[in-house]
Amino acid sequence: MTATNAPTITDRQRSAIEHLMVDYVHAIDEGDYERWPAFFTEDGHYQVTGRDNHARGWVAGMLLCDNRDMMIDRIYSLRQVNVWEPHTYRHVIGPTQILAAGTDGSVTTQTNYLCVRTMHSGEQKLFSTGRYLDEIVFEADAPKLRRRTVISDSNQIDTLLVIPL
Amino acid sequence: MAQAIGVRPVSELIQWPGEDLSRIPLHIYGDPEIYAWEQDRIFRGPTWNFLALECELPKPNDYCLTRVGDTPVIVLRTADGSINALVNRCSHKGSVLCYDSRGEGKRAFVCPYHAWTFDQSGELKGIAFEKGVGGLGGMPADFDKSKHALTRLRVETIEGLVFGTFSDETPPLQQYLGEPMVAHIRRTIRGRTMQIIGRYNHILPNNWKLYIENSRDTHNPSLLHAFFATFKLNRLSAEGGIRHDLRNWHHLVFAKRLTDQGHEEYSPGKLRTMKSDFGLNDPSLIAQWMEFDDNITNALQSILPGFVLQQILNSIGTRQIITRGTGECELIWTVVAFEEDTPEQRAIRIKQSNLVGPHGYISMEDGAIGGFVQQGIVGDRDRQAVVEMGGLSADGQPTRATETSVRGFYKAYRELMGV
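Protein sequences appear in the order of chains R and W.
FYI, the numbering for the first sequence is 190 to 354, going by this note's numbering.
FYI, the numbering for the second sequence is 2 to 420, going by this note's numbering.
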């Protein structure tokens, strides 16, 4: 997949996609986790994987969800069930590159991210860098993620992964 | 001795408290001298260490890298198809020979530093400028290359799992494992052809022993891991138990989910982990098929020193502990499917990878809890942990409300360390 064929999307669509990217990371970074599933389509697919896993075609990623209900379950579990030391993320994202525009109206994009984790103690750590590989569709003009694969450059996860990237 | 150079004798470092196995001295989780002894007496001692899955080396001349404790190791399939394991350290200056985590077509190992060349058995075959240049320099005429081979581990496999040992004293693998452990490995893999579907490199903020204890702690899952108890996946009232080998070195804890008729100890409000209002919006996550005739739905098999074979519902996988100093370790999770699986079975395994790993619904707490202990004990190195649940011995028991397997680990630890 390359961008050399200059997929055509409207300026309005591009602007809406850019807004989606920014809104997504702000929802997570501000701890508004309940908003996370709504960025996806009903049958949206999400997972975090490592660059090496992705290259080898190993499909069992982390926080894997293949519909919005699974995402809602993850957030409920994060809030109510799992035990973890309080921490937050801060994502910095790069410009979104449009890779392809499908005949079904979907748009494939990639966006670099960098995520710093801050513990309740104040300790900060570079938690993950990588890229979002996304498939976006428009539902009533609103862009939704039909598929987001978070490809972390490192296969290592420090301590645990409970908040989605 | 490989690491315990210039450190005090282990008998001066550890005086085990008490006559039985019910106490663990807390300073063993943070002492670099003890750590050095552990490298020599445990990881390079008379133990079999998990190295790789055979399916990672499908063709002759494939290799991959791993570590045994701190020691870097090359695992390779030779041209004739057998598996060798060599310490990844050039016998010249000590550089690693391989620095790419895997590769193929590797018939010889050439050091990147001065091009010393080793064959697949670790024999030194060539030295650049061995005869010098223009009759000058070069190695002494009596330099004996056969005395400078790479350190080679003994290797044995069972059901596609590759193990290696540094010690000539280690008994053959199956004898080391013991009959109950061999039987359970065979029961879990059943001669099927493994395919890796995911790997998670999990950095744990704690001493390696705290993870091993946790994997053998049979009563914490229903207390720490709320997800498990809530969905009746592994409540202690389900039929289950513990099996050991004769030496109590290795341990298997298992449960049969569908035998669980509930117990009043799990009534809402009695335990934090019993949240009566937690229902999954998408229960397909815990859909499973009965894969084994014994009806066991959860089984964790810990092989000393740092290997776990896991079955959580239909999630089958391996866990390998790699040491990283006294206060950190790496847990490598590998989840597998089998070539013999139907597409539906494979999809279930992929979905159930949500249960394990650093993100696992029922395992992410393992990343946190070792760190909590490591944080808690830092000011009290003279104190002891108390492990008395289920008595003072390390025998197999028909209940999981016991710490017998933790005591079993320290029984083995003391035998190996000589303390």
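Glycine included, every Cβ here is placed at the ideal spot set by N, Cα and C.
Quantities reported herein were computed from a predicted structural model and do not represent experimental measurements.
- Here the alpha carbons of Val339 of chain R and Arg201 of chain R stand approximately 25 Å from one another.
- With contacts defined as CB atoms closer than 8 Å, Ala300 of chain W and Phe255 of chain W qualify as a contacting pair.
- Going by C-alpha positions, Gln40 of chain W is about 15 Å away from Phe51 of chain W.
- Taking 8 Å as the CB threshold, Thr348 of chain R lines the interface with chain W.
- Residue environment analysis places Asp262 of chain R among the buried positions, since at least 16 neighbouring C-beta atoms fall within 10 angstroms of its C-beta.
- Thr197 of chain R counts as exposed, since fewer than 16 other C-beta atoms from the protein chains shown sit within 10 angstroms of its C-beta.
- Ala369 of chain W sits away from Leu315 of chain R, with the two beta carbons spaced by 8 Å or more.
- Boundaries of the beta strand (DSSP E) harbouring Leu332 of chain W: 330-339, taken from the DSSP string.
- At a cut-off of 8 Å between C-beta atoms, Asp232 of chain R does not count as an interface residue with respect to chain W.
- Rounded to whole angstroms, Trp273 of chain R and Cys330 of chain W show a C-alpha spacing of 18 Å.
- Asn256 of chain R carries a coil assignment under DSSP once its states are collapsed to helix, strand and coil.
- Under the three-state reduction of DSSP output, Cys304 of chain R falls in the strand class.
- Around the beta carbon of Trp290 of chain W, fewer than 16 other beta carbons lie within 10 angstroms, which makes this residue exposed.
- Beyond the five residues adjoining it in sequence on each side, Arg279 of chain R comes within less than 6 Å, by CB distance, of Asp218, Val305 in the same chain, given in chain order.
- With respect to the C-alpha of Gly82 of chain W, the residue from W:Arg68, W:Ile349, W:Gly106, W:Val69 having the closest C-alpha is W:Gly106.
- C-alpha of Glu389 of chain W to C-alpha of Arg415 of chain W: approximately 18 Å in a straight line.
- Only those residues of the segment 287-307 of chain W whose C-beta falls short of 9 Å from the nearest C-beta of chain R would be listed, and there are none.
- Within the DSSP secondary-structure output, Gly241 of chain W pairs in a beta bridge with W:Ala256.
- If you draw a 10 Å sphere on the C-beta of Ser147 of chain W, you find fewer than 16 other C-beta atoms in it, and that means exposed.
- Boundaries cannot be given for Asp342 of chain R, as no alpha helix (DSSP H) includes it and DSSP labels it neither H nor E.
- Put simply, the CB of Gln313 of chain R is far from chain W, with every gap to its CB atoms at 8 Å or more.
- Val134 of chain W counts as exposed, since fewer than 16 other C-beta atoms from the protein chains shown sit within 10 angstroms of its C-beta.
- Contact of Glu366 of chain W with chain R is assigned, a C-beta pair being separated by under 8 Å.
- Looking at the DSSP output, Tyr213 of chain R sits in no beta bridge, so it has no partner there.
- As the crow flies, the alpha-carbon of His93 of chain W is around 24 Å from that of Arg78 of chain W.
- Each residue's CA atom was taken as its position, placing Phe293 of chain W and Arg188 of chain W some 8 Å apart.
- Taking the beta carbon of Asp396 of chain W as reference, no residue of chain R falls within 9 Å; the closest one sits roughly 31 Å away.
- With a minimum length of 3 residues, the unbroken runs of beta strand (DSSP E) contained wholly in the segment 77-111 of chain W fall at 84-88.
- In the same chain as Arg217 of chain W, and ignoring 5 residues on each side of it, the C-beta atoms closer than 6 Å to its own belong to His252, Ser303, Ser406, Val407, Phe410, in chain order.
- Pairing Tyr30 of chain W with Leu417 of chain W, the inter-Cα distance amounts to about 16 Å.
- Beta-bridge pairing by DSSP links Met195 of chain W to W:Phe339.
- Taking 8 Å as the CB threshold, Ser341 of chain R stays off the interface with chain W.
- In the displayed model, Pro141 of chain W falls within coil according to three-state DSSP, outside both helix and strand.
- Of the candidates R:Ala249, R:Ala331, R:Ile282, the residue whose Cα lies closest to the Cα of Arg320 of chain R is R:Ile282.
- When Cβ pairs closer than 8 Å are counted between the two stretches, the segment 318-326 of chain W is seen not to touch the segment 393-404 of chain W, the count staying below three.
- Secondary structure at Ala205 of chain R: helix, using DSSP grouped into helix, strand and coil.
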